[in-house]
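In full-length UniProt numbering, the protein residues as written are 1 to 309.
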């Protein structure tokens, strides 16, 4: 309640500027986002500082770093802006006519599953709808949804805050990728002894040490050595070729592997949990017709084809 009281009596236009500054952390990018001049954004920031009696941002290099007071205001301000947009938007959303930009976050694994159908479907059915896709860690995606920096995030989320809506898109399974030449001739399986003896490669956007794979290995009473940590799913198969490494990843990320690649896709010798791939958004956007439409479109895009709309 205290933070909301801080916002009462402040010009709504100034709050729009503050919200954009908290997202962009840069005056010129905020000006572009709001179609304002840089001096106008700077003047609005000066008025906000005077009205709220706080510097709100400090400069570090070319970036604006929010103060504790600004961070305290960020979440209630994001909630308020989302509700205002919903109120001002027409009751329906007409994607074939609407001009709108959605911000999405996903890994390159998620992008491979959803983006081809999503982009093709948008170009056919909603050519004025633009999307901006960023890659974040799992924790980064949740934080960006909470803060209102992105509209929708796609990934695997074992635990979510209560304020987050989650919708399952599909379930994947784990598979192992190994260089064919590193196996005995005619071998078509990986046994547990070989799996634990070999060094492993791990895909982690920001170098996260623990994964569901490691948790399952530990639960079975074993450990593995991770020799290489990679930031992207797409480069992982090329990294495995010509090595003794084993890569354990979602089978859906290995569909492009061909027999002549010199690589083998094999089932793992340990039972791993399934991989629930979901899309998440914030509860405050539940009634947003534009986001409801996008979520439905993403559900269709995660299937083999996008139905015409």
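C-beta atoms are modelled at their ideal positions from N, C-alpha and C, and glycine is treated no differently.
This one's a predicted model, so the numbers in the text were calculated from it and none came from an experiment.
Put simply, of 126, 110, 113 and 79 the residue whose alpha carbon is nearest the alpha carbon of residue 93 is 126. In summary, residue 301 is buried, with 16 or more beta-carbon neighbours lying within 10 Å of its beta-carbon over all protein chains present. Contact between the segment 173-192 and the segment 228-247 is present: three or more C-beta pairs spanning the two stretches fall below 8 angstroms. Ranked by how close their Cα comes to the Cα of residue 264, the residues 273, 237, 288 and 270 have 237 in first place. Between residue 110 and the set 283, 215 and 252, the nearest pair of CA atoms involves 252. According to DSSP, residue pairing for residue 60 in a beta bridge involves 63. Per DSSP, residue 106 lies in no alpha helix (DSSP H) segment; the continuous beta strand (DSSP E) that holds it begins and ends at 100-106. The alpha carbon of residue 196 has as its nearest neighbour, out of 232, 254 and 220, the alpha carbon of 220. Between the segment 96-115 and the segment 153-160 there are three or more inter-stretch CB-CB distances shorter than 8 angstroms, so the stretches are counted as touching.
Between residue 113 and residue 277, the gap from beta carbon to beta carbon is short of 8 angstroms.
Rounded to whole angstroms, the gap between the alpha carbons of residue 211 and residue 40 is 47 angstroms.
Membership of residue 164 in any alpha helix (DSSP H) is not indicated; the residue belongs instead to the beta strand (DSSP E) covering 164-172.
By the 16-neighbour rule on beta-carbons within 10 angstroms, residue 65 is exposed. Annotation for residue 201: 226, 227, 228, 229, 230, 236, 239, 240, 245, 246 and 247 place their beta carbon closer than 8 angstroms to its own, counting only its chain and skipping 5 residues before and after. Taking all protein chains in view, the Cβ of residue 288 is crowded by 16 or more other Cβ atoms within 10 Å, so the residue is classified as buried. Partner residues in the beta bridge of residue 249, as assigned by DSSP, are 175. Residue pairing of residue 222 in beta bridges, as defined by DSSP: absent, with no partner found.
Residue 145 is a Cβ neighbour of residue 164, given a cutoff of 8 angstroms.
Per DSSP, the continuous beta strand (DSSP E) segment holding residue 264 begins and ends at 263-266.
In the DSSP secondary-structure assignment, residue 153 is bridged to 105 and 280. Excluding the 5 residues flanking it on each side, residue 98 has same chain C-beta neighbours closer than 8 angstroms at 126, 128, 129 and 290, in chain order.
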